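Student:
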Amino acid sequence: MDLFGPIHFRSLGGNKYTLVVVDEFTRFTWVIFLKKKSHAAQEIISLIRKNETLTGLKVKQLRSDHGIEFRNSTLEEFCDHKAIGQNFSAPRTPQQNGVAEQRNRTLIEAGRTLMIHAGLPMSFWAEAINTACFIQNRSLIHRIHKKTPYEMLKDRKPDVSFFHVFGCLCYILNQRDPRSKFEPKADKELLSCPFDELPCAEEKSDSSDPIIPVPCPLSQDTTATSADNSLDADETHEAEDSPKTDNVSVSISPESASVIEHRDHPVDRIIGNIHDGV
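Following UniProt numbering, the numbering of the sequence shown begins with 1 at its first residue and continues without gaps.
#1: Where does C170 land, buried or exposed, given buried means 16+ other C-beta within 10 angstroms?
#2: According to DSSP, is F144 helix, strand or coil?
#3: Under 6 angstroms Cβ to Cβ from A201, same chain only, skipping five residues before and after it: list those, please.
#4: Look at the alpha carbon of S180 and the alpha carbon of G119, and state the distance between them as a whole number of angstroms.
#5: Taking buried to mean at least 16 other C-beta atoms within 10 Å of its own C-beta, is V31 buried or exposed?
#6: Measuring CB to CB, does F33 end up less than 8 angstroms from G13?
#7: Could you give the C-beta distance for R63 and N97, rounded to a whole number, given that I count them as a contact under 8 angstroms?
#8: Are the Cβ atoms of N72 and A41 separated by less than 8 angstroms?
#9: Looking at the secondary structure, which residues open and close the beta strand (DSSP E) in which N87 lies?
#10: If I follow the unbroken beta strand (DSSP E) through residue 281, where does it start and stop?
#11: Could you pull the start and end residues of the alpha helix (DSSP H) that V99 belongs to?
#12: Assuming R92 and V20 are in contact, meaning their beta carbons sit under 8 angstroms apart, how far apart are those beta carbons, in whole angstroms?
#13: Less than 8 angstroms between the beta carbons of K37 and E76, yes or no?
#14: On the criterion of 16 or more Cβ atoms from any shown chain inside 10 Å, does V22 qualify as buried, or is it exposed?
#15: With a threshold of 7 angstroms on Cβ separation, who are the neighbours of E24 within its own chain once the five nearest residues in sequence on each side are excluded?
#16: H142 to K60, Cα distance in whole Å?
#17: Look at the Cβ atom of T18, then the Cβ atom of I135, and state whether they are nearer than 8 angstroms.
#18: For K147, which residues of its own chain have a beta-carbon under 8 angstroms away from its beta-carbon, when the five flanking residues on both sides are left out?
#19: Measure the alpha-carbon distance for K157 versus L114 and round it to whole angstroms.
#20: Leaving out the 5 sequence neighbours to the left and right, which residues in its chain are closer than 8 angstroms to C79 when beta-carbon positions are compared?
#21: Determine the closest residue to H7 out of N174, I108, F166, with distance taken between C-alpha atoms.
#22: With DSSP as the reference, please indicate the residues paired to K188 in a beta bridge.
#23: Quick check on DSSP: helix, strand or coil for S73?
#24: Comparing alpha-carbon positions, which option in H66, C168, I144 lies nearest L3?
#25: Quick check: the Cα distance between Q95 and S89, rounded to an integer number of angstroms?
#26: Give the DSSP-derived three-state secondary structure of T93 in the structure shown.
#27: According to DSSP, simplified to helix, strand and coil, what is L19?
#28: Going by beta-carbon coordinates alone, are L173 and K185 separated by less than 8 angstroms?
#29: Near W125, which residues of its chain fall below 7 angstroms by C-beta distance, leaving aside the five closest residues on each side in sequence?
Right, here's the structure in full:
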């Protein structure tokens, strides 16, 4: 087992950590989302009791790193009572806990791919991780037993006929608003939106600060445009005869002054005289 986090974006349920538990024999994976690391011990105890009741099998050993979420008095007392051994990997040696570490990376990469493909905001990371874990338990083939983790644990082949694309179009039954006989009973929702459209769960907008729009320098008033178009013929002729600046700014600023001084540099005059045959 292993735990990754904290995630900079809270999930829709307010979670920041993910506990990943992998069965070493079947490679079946459970993911549990946590708000705090201190909740990991109780979640592990609850998961062990639930699986022992459903499968009738006993947990013999727990393998993890030296994190305080795995090495604490609560979990040690439970393991002593259930006669479960605790196997900790050596410090700074994640290879000894490679099964959980590799599954962490697989789930994170799959969840990131699902969110990018669906165009969902970062607050949906928990749903993406949960979906990736659900799919991998029913699709990955064990290279030795030639079966999926679900088939090895449940002793039956998984049903994948109900699988849909993550973030696809869905229809939600509307039982709240009054509808007539021929009006649709379901609302069509598209579970995808740009990343920058929804704010992060941690971001709090302060309504006390007024929002003052900043005028864009590229959008000028239409009256100025019409005034420019109504120039006299003499003014237009003078504008055409005026010397061109070659896209060099002539405003009074240190940058523009340095550019103008650079154009009148003596080296440029010598080069110009050479081109003129002097």
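Backbone N, C-alpha and C fix where the C-beta goes; we use that ideal spot for every residue, glycine too.
The structure displayed is predicted, hence computed values, not measured ones.
Tutor: In terms of the structure at hand:
#1: By the Cβ neighbour-count rule, C170 is exposed, with fewer than 16 other Cβ atoms within 10 Å of its own.
#2: The sequence as given places Ile at residue 144; Phe does not occur at that position. Three-state result, I144: coil.
#3: Unreliable positioning characterises A201 in this predicted model, as indicated by a pLDDT of 39, which lies under 50. A coordinate reading is not provided.
#4: Rounded to the nearest whole angstrom, the CA to CA distance from S180 to G119 is 35 angstroms.
#5: Under this definition V31 is a buried residue.
#6: Yes, the pair counts as a contact, with Cβ atoms nearer than the cut-off.
#7: Correct: roughly 6 angstroms between the Cβ atoms.
#8: Yes, the pair counts as a contact, with Cβ atoms nearer than the cut-off.
#9: Element bounds for N87: 85 to 88.
#10: The question about residue 281 has no answer, for the chain in this structure spans 1 to 278.
#11: Residues 98 to 118.
#12: The Cβ separation is near 20 angstroms, so there is no contact.
#13: No; because the gap between Cβ atoms is not below 8 angstroms, this pair is not in contact.
#14: Result: buried.
#15: Answer for E24: V99, listed in chain order.
#16: Between H142 and K60, the C-alpha separation is close to 22 angstroms.
#17: If you check the CB distance, T18 and I135 do not come in under 8 angstroms.
#18: Answer for K147: I141, listed in chain order.
#19: So the alpha carbons of these two residues sit roughly 25 angstroms apart.
#20: Excluding residues within five positions, the ones whose Cβ falls inside 8 angstroms are L62, G85, Q86.
#21: In the sequence as presented, His is not what sits at residue 7; that position holds Ile. Nearest in C-alpha terms to I7, of all of N174, I108, F166, is I108.
#22: Answer is Y171, bridged to K188.
#23: In the three-state reduction of the DSSP assignment, S73 falls in the helix class, which pools H, G and I.
#24: Proximity to L3 across H66, C168, I144 peaks at H66, based on C-alpha coordinates.
#25: Distance between the alpha carbons of Q95 and S89: 8 angstroms.
#26: T93: coil per DSSP, three-state reduction.
#27: The answer is strand: DSSP assigns L19 an E or B state.
#28: In this structure, L173 places its C-beta atom within 8 angstroms of the C-beta atom of K185.
#29: In the same chain as W125, and ignoring 5 residues on each side of it, the C-beta atoms closer than 7 angstroms to its own belong to I7, F9, S11, G111, M115, in chain order.
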